[in-house]
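S.K.:
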Amino acid sequence: MFEKRVIPVLLINNKRLVKTVRFKNETYIGDPINAARIFSDKEVDELVICDKSASSNGVNFKMLEEIVYECFIPITYAGGVKDIQTMSKLYRMGIEKVCIDSHNYNDDYLLVQEAASRFGSSSVVSGVTIKKSFFGNYHLFNSSSQKIMKLDMSSHLLKLKKAGVGEIFINYADADGLMNGYDIEHIRSLTNEIDVPCVVCGGAGSIDHVRELLDIKGVTGAAAGSIFVYSSKTKGIMISYPETSIKSMLNI
Numbered sequence: 038m039f040e041k042r043v044i045p046v047l048l049i050n051n052k053r054l055v056k057t058v059r060f061k062n063e064t065y066i067g068d069p070i071n072a073a074r075i076f077s078d079k080e081v082d083e084l085v086i087c088d089k090s091a092s093s094n095g096v097n098f099k100m101l102e103e104i105v106y107e108c109f110i111p112i113t114y115a116g117g118v119k120d121i122q123t124m125s126k127l128y129r130m131g132i133e134k135v136c137i138d139s140h141n142y143n144d145d146y147l148l149v150q151e152a153a154s155r156f157g158s159s160s161v162v163s164g165v166t167i168k169k170s171f172f173g174n175y176h177l178f179n180s181s182s183q184k185i186m187k188l189d190m191s192s193h194l195l196k197l198k199k200a201g202v203g204e205i206f207i208n209y210a211d212a213d214g215l216m217n218g219y220d221i222e223h224i225r226s227l228t229n230e231i232d233v234p235c236v237v238c239g240g241a242g243s244i245d246h247v248r249e250l251l252d253i254k255g256v257t258g259a260a261a262g263s264i265f266v267y268s269s270k271t272k273g274i275m276i277s278y279p280e281t282s283i284k285s286m287l288n289i
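Using the numbering used here, read the sequence shown as starting at 38 and increasing by one per residue.
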C-alpha cells in the first residue's frame with residue numbers, strides 16, 4: 038500500500054521560479070531557493086523541482102545544491118536528464134528521485150532499465166506529458182519541442198513498467214494553470230491499464246480537486262503548482278501550504 042502524497046511542483050526557467058498556463062504564458066513567481074525553503078519549513082510530503090531550461094542548458098547542479106541544502110524533505114528532480122552519469126550525480130547530492138522525460142530516451146528504454154537496475158526502481162520516475170488533439174484524442178506530448186509524440190500511449194506505459202520504472206509522473210498540458218480540476222475520467226482509464234504508482238499534475242484549484250484525484254486507485258500523489266503559489270484563481274502570488282494538516286483535510 039503506497040502512501041498518498043500532496044506534492045507542490047516548482048517550475049524553474051533560467052534560475053527563476055515561474056508558472057505557466059497550458060505550458061505557455063509564463064509568469065514570474067520569485068526565487069526558487071526561497072520557495073523550496075518555505076515548503077520545507079511547512080514539511081510538505083515531497084517537492085518536485087522541474088527545470089525547463091535544463092533541456093537546452095543542462096542541469097544546473099549549483100542551484101540544486103543550494104535547494105538541497107535548504108530542504109529537509111524528499112525531492113524529485115526533472116529536467117535535462119539524459120544519461121546515467123547525470124542521474125548518479127543527482128542522487129549523490131541528495132535528490133531522492135530522478136524523473137526521466139519520455140522524449141529523453143529511445144524506443145529501447147535502455148536508460149530506464151539501467152537506471153532501475155543501478156539505483157532501484159523506487160528512485161526512478163518517468164515523466165509523461167499528455168495533450169488533447171483538436172478532435173479530443175489524447176496523445177503523448179513533447180513539452181520541449183511543443184509537438185505531439187508518435188508513441189502509442191498504452192504501449193509506452195506498459196513498456197515503462199516492463200523497464201522497471203518505479204513511478205510515472207503524468208502531466209496534463211491542457212489543464213496546466215487553469216485550476217479547473219484534474220481530468221478525472223482519463224486519469225482513471227490510464228491507471229486501470231498499468232500497475233505502476235502514478236503522480237498526476239495539471240488542473241488542481243482546490244482541496245476538493247486533490248481529494249477527488251487521490252480517491253482514484255493507482256494514483257499515489259496529487260501534484261500541483263498554481264494552488265501552492267497563488268492565493269486564489271485571481272492569481273495573486275503567495276507561496277502557501279495549508280497550516281492544518283492537509284492529510285486530515287483530505288481524510289487520508
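Even for Gly, the Cβ is constructed at its ideal location relative to N, Cα and C.
With F265 and P45 assumed to form a contact (beta carbons below 8 Å), what rounded beta-carbon distance in angstroms separates them?
M.R.: Between P45 and F265 the Cβ distance is about 4 Å, and since that is below 8 Å, they are a contact.
S.K.: DSSP three-state call for V105: helix, strand or coil?
M.R.: Three-state result, V105: helix.
S.K.: Could you check the C-alpha separation between K184 and S139 for me, to the nearest Å?
M.R.: Roughly 13 Å between the two C-alpha positions.
S.K.: Return the CA-CA distance between D245 and G218, expressed in angstroms with no decimal places.
M.R.: If you take the alpha carbons of D245 and G218, they lie about 9 Å apart.
S.K.: For the 8 Å Cβ check, are there 3 or more pairs between the segment 162–178 and the segment 251–271?
M.R.: The answer is no - the segment 251–271 does not touch the segment 162–178, with fewer than three Cβ pairs under 8 Å.
S.K.: With a threshold of 16 other CB atoms inside 10 Å of the CB of G273, please say whether the residue is buried or exposed.
M.R.: It counts as exposed.
S.K.: Using a 10 Å radius around the Cβ and a threshold of 16 neighbouring Cβ atoms, would you call R155 buried or exposed?
M.R.: Under this definition R155 is an exposed residue.
S.K.: Can you look up F178 in the DSSP assignment and give me helix, strand or coil?
M.R.: Correct three-state label for F178: strand.
S.K.: Distance, Cα to Cα, T64 vs Y267?
M.R.: Roughly 11 Å separates the two Cα atoms.
S.K.: In its own chain, which residues sit with a C-beta less than 6 Å from the C-beta of E36, not counting the 5 before and 5 after it?
M.R.: Beyond the ends of the chain as shown, which are 38 and 289, falls residue 36; an answer cannot be given.
S.K.: Per DSSP, what kind of secondary structure is S226 in: helix, strand or coil?
M.R.: Helix at S226.
S.K.: At the level of alpha carbons, what is the spacing between R74 and E102?
M.R.: So the two alpha carbons sit approximately 13 Å from each other.
S.K.: Exposed or buried, which one is Y106 when buried takes at least 16 other CB atoms within 10 Å?
M.R.: Under this definition Y106 is an exposed residue.
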